[in-house]
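If you count by my numbering, then the sequence shown holds residues 16 to 277, one letter each, in order. Each residue gets a CB set at the ideal place from its N, CA and C atoms; glycine is no exception. Remember, predicted model here, so these are calculated numbers, not experimental data.
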Amino acid sequence: MSFSTIQFDHSAGVARITLNRPERLNALCPEMFPELQAALDRGQAEGMRALVITGAGRGFCAGADLTAPLVAGQEGREDIGLTLELYYNPLMERLRALPVPVIAAVNGVAAGAGASLALAADITVAAESASFVLAFARIGLIPDGGATQLIAERIGLARALGLSLLGEKVGAAEAAQWGLVWKCVPDAALKDTVDRMAQQLAQGPTVGLGLTKRAVYAAARHSLAEQLALERRLQSEAGRTDDFAEGVAAFLAKRPARFTGH
Ligand code: T3D
């Protein structure tokens, strides 16, 4: 599949998806969802070991394209809920389930479902001039794309409700102070910071990192006993990898580990 609304490249284990509709602040249009899914298929088929999502131009993603809404359902009986079910939800669930780390490099405003996308990443790094705005309230919708859960989990109910109900913009520095994002960096440093991070992850013990992501996300919905049981199961898997053997051997030999991702 060739891409018209995104760019995709993959080099040395790092796949990069760039939302590429800068004139609309990379708003999510109907063509973008199949392209995003196809890019993820390609990355997985090519053995990506880390994924970066970013935006072209001055925005990260302005959420749903309000000039070309993605409507699902029969004519006259369109249902935004069905649109979510068919397009948004599968994307968010797929990012969560990807067995490799996902980094959002938030280069500018992330609004509506664009904020959800930025926060669906495992690590969100924001440029100083970036901002987050739950614009849903301004148009009579509820936060979607997982935002009602993702935001409260990161910053607590008081701030999640404030942002959701007031639709106020929060800048990257404050977002980092609140724990909404991992780091806020100077604009000029965003690309290098994220590239270095992605390379580090892509050269890491991929299976262990994927299992780590699974365990951390599962924790919020488990009792301690359930979580301990999950850790026991996933650690068995991690302990059988070549990378575990290599990590221990490298430590004992006082040399850097050479992980293969197996
Ligand atoms: O049906 C479904 O798909 C349901 C799913 C819904 C999920 C959602 O995401 S709902 C929320 C949708 N998003 C918004 O409501 C955000 C709308 N945009 C804004 O509030 C502002 O543009 C921003 C706060 C994001 C940025 O403001 P600013 O001042 O930096 O830029 P701007 O001038 O408003 O925008 C620049 C251009 O991008 C402008 O086009 P123009 O006038 O230069 O031709 C603007 O219209 C366009 N643009 C920005 N956001 C969108 C958009 N075009 C289409 N859809 C957008 N969401």
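1. With ARG57 as the anchor, note down where its beta strand (DSSP E) starts and where it stops.
2. I believe LEU205 touches VAL140 by the beta-carbon criterion, under 8 Å. Please report the beta-carbon distance rounded to the nearest angstrom.
3. Is VAL121 near the ligand T3D - that is, is its Cβ less than 8 Å away from at least one heavy atom of it?
4. Let me know the beta strand (DSSP E) ranges lying completely inside the stretch 194-256, each 3 residues or longer, listed in chain order.
5. Report whether the distance from the Cβ of GLY70 to the nearest heavy atom of the ligand T3D is below 8 Å.
6. Note down the Cα distance separating ALA10 from GLU143, rounded to an integer number of angstroms.
7. Flag this pair as touching only if the stretch 57-66 and the stretch 209-219 have three or more C-beta atom pairs under 8 Å; answer yes or no.
8. Indicate, with yes or no, if the ligand T3D has a heavy atom lying under 8 Å from the CB of ARG255.
9. How many angstroms separate the CA atom of ARG278 from the CA atom of ARG229?
10. Tell me, which residues are paired with ALA125 by DSSP?
11. Between THR82 and the ligand T3D, is the CB less than 8 Å from at least one heavy atom?
12. Looking at the unbroken beta strand (DSSP E) that takes in ALA141, where does it start and where does it end?
13. According to DSSP, simplified to helix, strand and coil, what is VAL263?
14. Under 8 Å: does the beta carbon of ARG153 sit that close to some heavy atom of the ligand T3D?
15. Please confirm whether any heavy atom of the ligand T3D lies closer than 8 Å to the CB of GLY74.
16. Answer yes or no: the CB of ALA213 versus the heavy atoms of the ligand T3D, is any distance below 8 Å?
17. Quick check on the burial criterion: 16 or more other C-beta atoms within 10 angstroms. Buried or exposed for PHE75?
18. Please name the residue in LEU113, ILE138 and PHE48 whose C-alpha comes closest to that of THR208.
19. Out of ALA135, GLY186, ALA187 and PHE259, point me to the one whose CA is closest to GLU168's CA.
Reading off the structure:
1. The residue labelled residue 57 in the question sits at position 42 within the sequence shown. ARG57 -> not in any beta strand (DSSP E); alpha helix (DSSP H) instead, spanning 47-60.
2. In the sequence shown, counting from the first residue as 1, residue 205 sits at position 190. In the sequence shown, counting from the first residue as 1, residue 140 sits at position 125. So it is a contact: roughly 7 Å between Cβ atoms.
3. Counting from 1 along the sequence shown, the entry for residue 121 is found at position 106. Because no heavy atom of the ligand T3D lies under 8 Å away, the Cβ of VAL121 does not count as near it: no.
4. 198-200
5. What you label residue 70 is simply residue 55 of the sequence shown in a count that begins at 1. No; taking the cut-off as 8 Å, the Cβ of GLY70 has no heavy atom of the ligand T3D nearer than that.
6. Any answer about residue 10 is impossible in this case: the structure gives the chain only from 16 up to 277.
7. yes
8. The residue you call residue 255 lines up with position 240 of the sequence shown. No; taking the cut-off as 8 Å, the Cβ of ARG255 has no heavy atom of the ligand T3D nearer than that.
9. Since the first residue shown for the chain is 16 and the last is 277, residue 278 is missing from the structure and cannot be characterised.
10. As a first step, residue 125 is located in the sequence shown; it is residue number 110 there, counting from the start. Looking at the DSSP assignment, ALA125 forms a beta bridge with CYS76 and PHE147.
11. Reading the sequence shown from its first residue, position 67 is the one you call residue 82. Correct: THR82 has its Cβ closer than 8 Å to the ligand T3D.
12. For the purposes of this step, residue 141 is taken as the residue at position 126 of the sequence shown. Taken as a continuous stretch (DSSP letters only), the beta strand (DSSP E) holding ALA141 covers 138-142.
13. For the purposes of this step, residue 263 is taken as residue 248 along the sequence shown, with counting starting at 1. In the structure shown, VAL263 adopts helical secondary structure according to DSSP, grouped into three states.
14. As a working note, residue 153 is residue 138 in the sequence shown. The ligand T3D approaches ARG153 closely enough that one of its heavy atoms is under 8 Å from the residue's Cβ.
15. Walking along the sequence shown from the start, residue 74 turns up at place 59. True, at least one ligand heavy atom lies under 8 Å from that Cβ.
16. As a first step, residue 213 is located in the sequence shown; it is residue number 198 there, counting from the start. Not one heavy atom of the ligand T3D is found less than 8 Å from the C-beta of ALA213.
17. Working through the sequence shown from its first residue, we reach residue 75 at position 60. Classification of PHE75: buried, given that the 10 Å Cβ count is 16 or more.
18. Residue numbering aside, residue 208 sits at position 193 when the sequence shown is read from its first letter. Nearest C-alpha to THR208: ILE138.
19. If you number the sequence shown from 1, residue 168 lands on position 153. Closest by alpha carbon: ALA135.
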